[in-house]
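Numbering (mature numbering (1 follows the signal peptide of the UniProt record, and there is no 0)), first residue to last: -18 to -1, 1 to 697. C-beta atoms are modelled at their ideal positions from N, C-alpha and C, and glycine is treated no differently. Right, one structure below, let's go through it.
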């Protein structure tokens, strides 16, 4: 076995915290130390030595070249990392890529604040095998491997080496984990004998930034001898992703007249590269502004935050004087801190200049004229106004009000939403005879209040002169409708009432004639000269033309104008009831079984078209029964119903029973109705009345027959 001795030293210069491990081992190509921690100074000065990097490809370092992620730094051929100029902000990390004819590697320098230094050392000590510090009794040394993304073929490429301190004779290295035997499989592999770790394809940090693998040593039978030990592989970012604006469309609003420096909106781009490097350090710029008036530089964008602000004076930010209230800015986001080598992405920001109410509406003229016929309603004139504010806002929309000349509330004014005009309407008919002229004072305002330094002036009021034209108006009945109460059945020719109509055109001295316009039952007439209404037929409260005891007729009053005008009057006659209808009986047919045990045959009801008190209570009576014995009786149940009861079972036949019913009117009226009673044969819940139809036996006929036989017998 070969004896391996490790010497580990911790160095703490004023600005550098590093871990150095020397080992009596065979040469491993690459940086001899891959991770450094340095304390952030107040400033890196030009030509200042930051630290020294040791790179060895184990074959003479032929054609060795260094690349630094931050262009403000460089690595000289002897490995010294120096600043090219005074640098106050270098970010949180620097990456140094070294490439020779036979090897390439990556070193990482973390820049820490003073209070982070001791914590960083603590983390180093925790990472045991990750930085090559062997743990006691551990024979596998697996230092972290850093691999730049987007490497070009050929593949596979040697990227690192795993070492076993106790030798490798008779044993093999085995690598496992995501990227080896787990998806995505086959990215990394290890030489079983030498421990060389290779990558087989190009890596993409934006897909997978870190791989956590495990390496172990097994014997010839596959039995684990050492390990597993974690092997970390970090993919070093390359600037291979352009900034992208993902949240569009980008639309901002700013009020006209806003102060210089007003923030309009924020543009935010995304870069998929490593956010801790300059590859994702974005800077913003305005490439183009459309339109370019009144200034080609209306806005400014904060290069770091992406905030767009106004840079012109409030006077230039005047929506009413602009060529267009919409500006489009082409915004560029560039990574690498905005350096020329950075990748770019663009987006369009649309900025709308919002209107504020800095212009009062003004009438297009001081006085408007309108003419309207008396008795007519509707719009009579449209009042026009001008307003320089945005038509899509409440700063432009007009609100009209009548501030004088409308004591009777005969006029109203509303805004036409399409034209912004004021539509002046007559809502209560005007009367020429009362006033032939009207003068209105109209005021116009905006839905939104004016800004403090703007006020409504004289041009925001206007006068409307309205002329009322005389028309021949129809006569008017007084009152209308007219109401009168009469008893039904009054004699034909009776006077109902005398109607009264007057002509509103008092200055024309016209005469009025009357006529019947609508008389549904044909009961009425009217004197054409004096308006006396009389009856031409009997008034019947029970008529179908009467509704709820009220009969309605319409009359016309016609003046003598040319052409004549007509007025319509309505007459409601309330008819009082008279006992002129006899009560009616229902039902008029009943059936009973000839062997029925319940001899209550039927319940009878009575109704009357008249009104109370000319209706119930009703009196029910049977016509006088002749013969040796009575066959039925009737019992009163209540004011409107009675029950017919058989006094014995009857033979199958038809019987007609005369029943009289009398109402309570004064004088009372009586109606006699025959109840047809069918006595039927009943078997098994079935009633057979067929034979009874042929018999038609009535009580009267039976009595007459018996009387005839009796007389012959004693003759």
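field: beta strand (DSSP E) runs wholly inside the region 59 to 96, at least 3 long, in chain order
entry: Qualifying beta strand (DSSP E) stretches, in chain order: 62 to 65, 75 to 81 and 86 to 94.
- prompt: DSSP on residue 427, reduced to helix/strand/coil?
  reply: Annotated three-state conformation of residue 427 is strand, per DSSP.
message: Alpha carbons only, please: which of 362, 371 and 59 is nearest the one belonging to residue 396?
response: Of the candidates 362, 371 and 59, 362 places its Cα closest to the Cα of residue 396.
message: So residue 318 and residue 263 are supposed to be a Cβ contact under 8 Å. How far apart are they, rounded?
response: Rounded, the Cβ-Cβ distance is 7 Å, consistent with contact.
query: Leaving out the 5 sequence neighbours to the left and right, which residues in its chain are closer than 7 Å to residue 573 when beta-carbon positions are compared?
result: Same-chain partners within the cutoff: 660, 662, 669 and 671.
query: Of the choices 416, 444, 415 and 200, whose alpha-carbon is the least far from that of residue 404?
result: Of the listed residues, the one whose Cα sits closest to residue 404 is 444.
message: Please classify residue 130 as buried or exposed, where buried requires at least 16 neighbouring CB atoms within 10 angstroms.
response: Result: buried.
query: Three or more beta-carbon pairs under 8 Å between the region 180 to 190 and the region 33 to 40, yes or no?
result: No, the region 180 to 190 is not in contact with the region 33 to 40.
field: residue 315 and residue 232 closer than 7 Å at C-beta
entry: Not closer than 7 Å, so no.
query: Is it right to say residue 549 is buried, meaning 16 or more other beta carbons lie within 10 angstroms of its own, or is it exposed?
result: The residue is buried, with at least 16 neighbouring Cβ atoms inside 10 Å.
query: Can you check whether the CB of residue 390 is closer than 7 Å to the CB of residue 421?
result: No.
- prompt: Can you tell me where the beta strand (DSSP E) with residue 175 in it begins and where it stops?
  reply: Where residue 175 is concerned, there is no enclosing beta strand (DSSP E), given that its DSSP letter is neither H nor E.
field: residue 556 to residue 531 span [Cα, whole Å]
entry: Their Cα atoms are separated by approximately 6 Å.
message: On the DSSP bridge list, what partners appear for residue 554?
response: 465 and 534.
query: Going by beta carbon distance, what residues of the same chain come within less than 8 Å of residue 341, once the five residues before and after it are set aside?
result: If we look at residue 341 and ignore the five residues flanking it on each side, its Cβ neighbours are 302, 369, 370, 371, 377 and 436.
task: Provide the residue(s) that pair with residue 628 in DSSP beta bridges, ordered along the chain.
output: Residue 628 pairs with 614.
Delimiting residues of the beta strand (DSSP E) encompassing residue 214: That run of the beta strand (DSSP E) goes 206 to 218.
Expected contact under 8 Å - CB spacing of residue 486 and residue 497 to nearest Å: With a beta-carbon spacing of about 19 Å, residue 486 and residue 497 fall beyond the 8 Å limit used to define contacts.
query: Quick one, are the C-beta atoms of residue 246 and residue 234 less than 7 Å apart?
result: The answer is yes: Cβ separation under 7 Å.
field: C-alpha distance - residue 299 paired with residue 293, whole-angstrom precision
entry: Approximately 10 Å, taken between the alpha carbons.
query: What three-state label does DSSP hand residue 43 in the structure shown?
result: In the three-state reduction of the DSSP assignment, residue 43 falls in the coil class.
message: Within the continuous beta strand (DSSP E) that includes residue 270, where are the two ends?
response: Counting along the chain, the beta strand (DSSP E) containing residue 270 begins and ends at 265 to 272.
query: How big is the Cα-Cα spacing for residue 86 and residue 43?
result: Using only the alpha carbons, I get a separation of about 10 Å.
query: Which two residues bound the contiguous beta strand (DSSP E) that contains residue 350?
result: Residues 349 to 355.
Own chain partners of residue 571 with C-beta closer than 7 Å, once the 5 adjacent residues on each side are dropped: Leaving aside the five residues that flank residue 571 on each side, the residues in its chain whose CB is nearer than 7 Å to its CB run, in chain order, 658.
At least three beta-carbon pairs within less than 8 Å, the region 520 to 528 to the region 419 to 433: Contact between the region 520 to 528 and the region 419 to 433 is absent, because fewer than three Cβ pairs lie under 8 Å.
field: Any 3 or more C-beta pairs closer than 8 Å across the region 22 to 30 and the region 55 to 72
entry: Of all C-beta pairs linking the region 22 to 30 to the region 55 to 72, three or more are shorter than 8 Å, placing the two stretches in contact.
message: In this structure, how does DSSP classify residue 718 when only helix, strand and coil are distinguished?
response: Given a span of -18 to 697 for the chain in the structure shown, any question on residue 718 remains unanswerable.
query: beta strand (DSSP E) containing residue 228: first to last residue?
result: If you look at residue 228, you'll find it isn't in any beta strand (DSSP E); DSSP assigns it neither H nor E.
- request: Could you check which residue in 158, 259, 164 and 165 has the C-alpha nearest to that of residue 195?
  value: Measuring C-alpha to C-alpha distances from residue 195 to each of 158, 259, 164 and 165 identifies 158 as the nearest.
message: With a threshold of 6 Å on Cβ separation, who are the neighbours of residue 305 within its own chain once the five nearest residues in sequence on each side are excluded?
response: Once the five neighbours on either side are set aside, the close Cβ partners of residue 305 are 273 and 275.
task: Write down the C-beta distance between residue 197 and residue 153 rounded to the nearest angstrom, noting that I regard them as a contact closer than 8 Å.
output: Cβ-Cβ separation between residue 197 and residue 153: approximately 12 Å, too far for a contact (criterion under 8 Å).
field: Enclosing beta strand (DSSP E) for residue 438 [first to last residue]
entry: From DSSP, residue 438 is part of no beta strand (DSSP E); its letter is neither H nor E.
message: Measuring only the C-alpha atoms, how far is residue 634 from residue 585?
response: When rounded, the separation of the alpha-carbon atoms in residue 634 and residue 585 is 21 Å.
- prompt: Tell me, which residues are paired with residue 529 by DSSP?
  reply: Beta-bridge pairing links residue 529 to 532.
Cutoff 7 Å: residue 597 Cβ touching any chain D Cβ: In the displayed structure, chain D is absent; only one protein chain is listed.
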